[in-house]
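Chains as they are written, first to last, in the numbering used here: chain A, 6 to 167; chain B, 6 to 167. Quick notes on the structure that follows.
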DNA sequence: GCTTTTTCCGACTCCGGCGCTAGGATTTGT
DNA sequence: ACAAATCCTAGCGCCGGAGTCGGAAAAAGC
């Protein structure tokens with residue numbers, strides 16, 4: 006399993022915020038209470054609290070406390086790369102334990118014995134890492150929101166037609 | 006962390022077998038004792054036993070029992086896709102718990118409520134899955150063996166120069 | 001100012017998988 | 001017979017994932 010439910014739930018949460026913001030730029034939209042998201046996505050509220058905290062610390066959502074409070078996207082969905090979302094939730098994406106990438110893709114393997122000789126598996130993990138990050142950077146939240154489509158019929162109390 | 010040490014150790018094990026086979030086709034090469042691999046790669050022998058068992062069950066290596074026994078690649082390194090290796094060690098590669106792909110890339114998400122509407126995150130996980138599998142299928146064991154270079158100087162007892 | 005709604009925060013539990021070890025059984029060269 | 005190797009099953013410690021719980025703080029409405 007590549008990712009845990011943290012990434013799954015967290016992404017679904019973000020999509021839900023994106024859908025509810027609609028066409029409005031996020032600062033204008035009404036904040037969405039976490040309970041509403043939990044209900045819509047059938048996810049445990051108390052668990053979502055932990056996840057949204059990470060998203061907030063990463064600067065991806067903003068919060069409004071108190072009654073009628075909730076969460077908003079910190080910027081338009083189009084400007085949110087999914088790599089940032091997933092990394093906020095799961096931590097830095099490394100294919101392996103022994104694998105750290107510093108700034109600018111230079112990859113370091115903790116098995117590097119001497120300077121010249123590099124770990125045999127490095128080539129493979131580098132490629133895998135590249136594949137994942139490419140998929141995650143080339144997808145924005147707006148892509149997922151669009152894919153998900155509009156909100157399902159706003160539940161029971163729809164205004165009767167004329 | 007995308008993969009555990011099972012994948013890491015197992016891949017290093019395969020590379021070591023590939024290096025020791027040299028240019029010979031694997032059936033000809035001498036079988037390599039697991040203890041030799043463990044020593045060369047500084048990995049726990051008893052743990053490697055478990056990993057190599059999986060590789061054998063997957064038909065990637067063959068074994069010779071008894072004294073002077075060991076393991077060989079089941080076919081030339083060029084014909085071994087790393088996807089098979091990693092899947093043998095880690096199990097089927099799914100980005101998420103809720104994500105099963107049947108034959109031919111058709112992906113199924115357990116959250117698919119009704120037939121038409123699909124999970125919002127499906128698009129993302131499909132792309133990630135594609136990125137990983139592409140990296141793993143386009144890399145063969147031979148690539149890694151080549152990258153690793155020839156065996157390090159055969160330890161102490163090198164024949165003195167002339 | 002009190003109550004309600006909501007975010008915020010830390011601690012706690014449960015459980016399964018990872019990373020390994022141990023101990024044997026079996027097979028085979030010398 | 002003995003040693004060298006693969007094979008197989010059990011088990012153990014630990015950590016992180018997947019939540020739960022209880023409460024503190026902040027804002028809205030009365």
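Glycine residues also receive a C-beta, built at the ideal position from the N, C-alpha and C atoms. Source: prediction; values computed, not measured.
Item, Value
"Enumerated in chain order, which unbroken segments of the alpha helix (DSSP H) with a length of 4 residues or greater are wholly contained in the segment 15 to 103 of chain B?", "39 to 46, 50 to 62 and 87 to 95"
"For residue 144(B), does the three-state DSSP call read helix, strand or coil?", "coil"
"Return the Cβ separation of residue 65(A) and residue 18(A) in integer angstroms, given the expectation that the two are a contact with Cβ distance under 8 angstroms.", "Contact flag wrong, Cβ pair sits at about 10 angstroms."
"Would you call the segment 38 to 53 of chain B in contact with the segment 95 to 102 of chain B, where contact means no fewer than 3 C-beta pairs closer than 8 angstroms?", "no"
"Chain B beta carbons: is any one of them nearer than 9 angstroms to that of residue 100(A)?", "yes"
"Select from 20(A), 59(A), 39(A) and 141(A) the residue whose C-alpha is nearest the C-alpha of residue 81(A).", "20(A)"
"Does the CB of residue 86(A) have a neighbour CB from chain B at under 9 angstroms?", "no"
"If we count the other Cβ atoms within 10 Å of its Cβ and call it buried at 16 or more, is residue 134(A) buried or exposed?", "buried"
"Going by DSSP in three states, residue 126(B) sits in which element: helix, strand or coil?", "coil"
"Of the residues that make up the segment 6 to 17 of chain B, which ones have a beta carbon closer than 9 angstroms to any beta carbon in chain A?", "6, 7, 8, 9, 10, 12, 13, 16 and 17"
"Does any residue of chain B have a CB that is nearer than 9 angstroms to the CB of residue 120(A)?", "Since pLDDT at residue 120(A) reaches only 48, below the 50 mark, its modelled position is unreliable, and the value read off the structure follows with that caveat. Taking Cβ atoms only, chain B never reaches closer than 9 angstroms to residue 120(A), which makes this a no."
"For chain A, find out if any of its Cβ atoms is closer than 9 angstroms to the Cβ of residue 53(B); answer yes or no.", "no"
"Spell out whether any CB of chain B is found under 9 angstroms from the CB atom of residue 143(A).", "yes"
"Between the Cα of residue 15(B) and those of 127(B), 95(B), 139(B) and 130(B), spot the shortest distance and give me the residue it belongs to.", "95(B)"
"Should residue 77(A) and residue 34(A) be called a contact, given that it needs their Cβ atoms to be closer than 9 angstroms?", "yes"
"Any beta-carbon of chain A closer than 9 angstroms to the one on residue 20(B)?", "yes"
"Looking only at C-alpha atoms, which of 124(B), 27(B), 63(B) and 128(B) sits nearest to residue 97(B)?", "63(B)"
"When you compare only the Cα positions, how much space is there between residue 79(B) and residue 67(B)?", "5 angstroms"
"What three-state label does DSSP hand residue 8(B) in the structure shown?", "coil"
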